[in-house]
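Residue numbers (my numbering): -13 to 250.
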Amino acid sequence: MATPDHASIEANLAPFFDDLADAAGVIARHHFRTRIDFERKDDLSPVTIADQGIERELRRRIEARFPDHGILGEEMGSTPGERYTWYLDPIDGTKSFISGMPLFGTLIALNDDRSGRVVAGMIDMPALGERWYGTADGTTFNGLPVRVSATTELADAQIYTSSPDFFTPEDWERYDTLSRKAMFRRFGGDCYQYGLLASGYCDLVVETSLKSFDFMALVPVIEGAGGIIRDWSGKPLDPTSDGRVIAAANEKLLEQALEIIETS
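What follows is the structure in structure tokens.
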């Protein structure tokens, strides 16, 4: 069977992304709120059989559909490809998952390595039945278009981050200074907070210590909804970014946040 050309691949991605997320969700919900064992990786982050099972199934489906594509996953490393690479985080928010908190998700992204463009990305929240899918044509939430908020002033902004534990002392000081100038700040949510931003329910998300499989899917979701996502120096994200991420509803809000982060 002939391999589809890149135009065909990019034009028909949404149903395949849905199939991947549906398959991941079946596995995640099967194990969620059960007495599931977990191990600690070298960085002390937990990993469960659900993480491993989801990534294994996603890889199987991608390899069957696109045998020439590369895959980079959190649990099983990197498989090189010819032009495209899939980025997989089977359970983003494993600590939430193992403690019964439903704010965990599966992140899926497809990157065109030739152009450096993230073609499509998905945030799927299997315990909540909520799903964001983003491309250059826009972002949808459960199939309906969404847009970021109209907030442009930091003093009016709602700002999120997952946990203070992910920051170095120096980076925490910078985040603390920034977040105290916002209307209010909230903690927790992992990938869910980026979906909230895309839907207009919060205005800024600032994090550190992310890996490429943590943030690649976020790029088209945020940008497709009209937002902007960058590193802490204001540069666009790519697989080599250092993991310090800031997502904002608009460029004006981003500039105010970056000014504080860069000078704190």
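Glycine included, every Cβ here is placed at the ideal spot set by N, Cα and C. Predicted, not measured: the structure shown is a model, and the values here were computed from it.
Distance, residue j Cα to residue i Cα
i, j, result
"LEU30", "SER219", "Caution is warranted here: a pLDDT of 42 is assigned to LEU30, below 50, making its placement in the model unreliable, and no coordinate value can be reported."
"GLU49", "SER149", "35 Å"
"GLU241", "ILE215", "11 Å"
"ALA0", "GLU41", "19 Å"
"GLY91", "PHE201", "13 Å"
"ALA9", "GLU43", "8 Å"
"ASN97", "ARG103", "6 Å"
"ARG21", "GLN38", "16 Å"
"GLU83", "ASP151", "Inspection of the sequence shows that residue 83 is occupied by Phe rather than by Glu. Rounded to the nearest angstrom, the two C-alpha atoms are 18 Å apart."
"CYS188", "GLY174", "13 Å"
"ARG45", "GLU245", "41 Å"
"ARG15", "TYR178", "17 Å"
"TYR305", "THR126", "The first residue shown for the chain is -13 and the last is 250, placing residue 305 beyond what the model contains."
"THR147", "LYS221", "19 Å"
"GLY107", "ASP228", "20 Å"
"ALA243", "GLY181", "20 Å"
"ALA(-3)", "VAL105", "10 Å"
"ILE77", "ALA211", "23 Å"
"LEU93", "GLU139", "30 Å"
Boundaries of the alpha helix (DSSP H) in which residue i is found, first to last residue
i, result
"TRP118", "It is not in any alpha helix (DSSP H) - TRP118 instead sits in the beta strand (DSSP E) that spans 116 to 121."
"THR92", "Note, THR92: premise wrong, no alpha helix (DSSP H); beta strand (DSSP E) at 91 to 98."
"ILE77", "Careful: ILE77 lies outside any alpha helix (DSSP H), inside the beta strand (DSSP E) at 70 to 78."
"GLY39", "35 to 51"
"ALA14", "0 to 17"
Contacts around residue i, its chain only, beta-carbon distance under 7 Å, and the 5 residues preceding and following it disregarded
i, result
"PHE153", "TYR161, THR194"
"SER198", "LEU58, TYR73, PRO225"
"ASN128", "GLU116, ARG117"
"ALA143", "THR137, ALA168, MET169, ASP189, LEU190, LEU239"
"PHE2", "ARG51"
"PHE18", "PHE83, ALA113"
"ASP99", "ARG69, TYR70, THR71"
Buried or exposed by the 16-neighbour rule on C-beta atoms within 10 Å, applied to residue i
i, result
"VAL12", "exposed"
"ALA141", "exposed"
"THR121", "buried"
"HIS55", "buried"
"ILE247", "buried"
"GLU61", "buried"
"ARG230", "buried"
"LEU239", "buried"
"ILE(-5)", "buried"
"ALA95", "buried"
"SER85", "exposed"
"GLU209", "buried"
Three-way DSSP call (helix, strand, coil) for residue i in this model
i, result
"TYR187", "coil"
"ASP23", "coil"
"THR274", "An answer regarding residue 274 cannot be provided, because it is not within the stretch -13 to 250 covered by the chain."
"THR154", "coil"
"GLY212", "coil"
"ASP110", "strand"
"VAL207", "helix"
"LEU30", "Annotation note: pLDDT 42 at LEU30 (below 50); position unreliable, no value reported."
"LEU196", "coil"
"ASP224", "coil"
"ALA243", "helix"
"THR138", "coil"
"SER64", "strand"
"ASP162", "helix"
"THR56", "One point to set straight first is that residue 56 is Gly, not Thr, in the sequence displayed. Reduced to three states, the DSSP call for GLY56 is strand."
Cutoff 8 Å; reference residue i; Cβ partners in own chain excluding five residues on either side
i, result
"GLY213", "VAL134, LEU183, ALA184, ALA233, ALA234, ALA235, ASN236"
"ASP5", "ARG47"
"PRO291", "In the structure displayed, the chain extends from -13 to 250; residue 291 sits before or after that span and is not available."
"VAL207", "GLY107, MET108, ILE109, TRP118, TYR119, GLY120, THR125, TYR180, GLY181, ALA184"
Endpoints, beta strand (DSSP E) assigned at residue i
i, result
"VAL231", "231 to 234"
"ARG171", "170 to 173"
Residue i Cβ short of 7 Å to the ligand GTP heavy atom set
i, result
"ASP110", "This structure does not include the ligand GTP; it has no bound ligands of any sort."
Residue i at chain B interface by Cβ criterion, 8 Å
i, result
"GLU61", "As a matter of chain content, chain B is missing from the structure shown, which is built from one protein chain."
Sequence-distant residues of the same chain with beta carbon closer than 6 Å to residue i, five excluded per side
i, result
"ILE145", "SER165, ALA168, ARG171, LEU190"
"ASP157", "THR194"
"SER64", "LEU58"
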